[in-house]
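**Student:** The structure that follows is given in the form of structure tokens.
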Amino acid sequence: AGALLRIADGVVLLPGADGRAAALLAELPQPFTLSAARQRLGTSRRVAVPLLELLARQGRTRRTADGEHEVVG
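Structure representation (structure tokens):
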């Protein structure tokens with residue numbers, strides 16, 4: 003168990019959801035688009051954008067020069 007993870011106003015995830023999301027995103031061809039991430043995670047843009055921002059702050063992902071995303075490590 004653990005505390006819910008608030009990633010934006012009105013967007014709350016279960017504990018560990020960020021790690022699971024990073025693992026799912028690592029399965030995508032790198033780098034990946036926001037659209038590809040949204041589809042892989044089965045979520046909306048409203049959730050995907052702050053989730054990708056959180057993963058970047060955690061050092062799990064980073065933005066590429068052309069604005070795509072890639073999993074670090």
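Going by the working numbering, the sequence shown opens with residue 3, and the numbers climb by one from there.
Cβ coordinates follow ideal geometry from the N, Cα and C atoms, glycine included.
Just so you know, these numbers come straight off a predicted model, no measurement behind them.
#1: For A39, does the count of other Cβ atoms within 10 angstroms reach 16, so buried, or fall short, so exposed?
#2: Quick check: the Cα distance between G69 and L36, rounded to an integer number of angstroms?
#3: DSSP on E29, reduced to helix/strand/coil?
#4: DSSP three-state label for E70, please.
#5: Does DSSP classify A10 as helix, strand or coil?
**Tutor:** From the atom records:
#1: buried
#2: 9 Å
#3: If DSSP states are grouped into helix, strand and coil, E29 belongs with coil.
#4: coil
#5: strand
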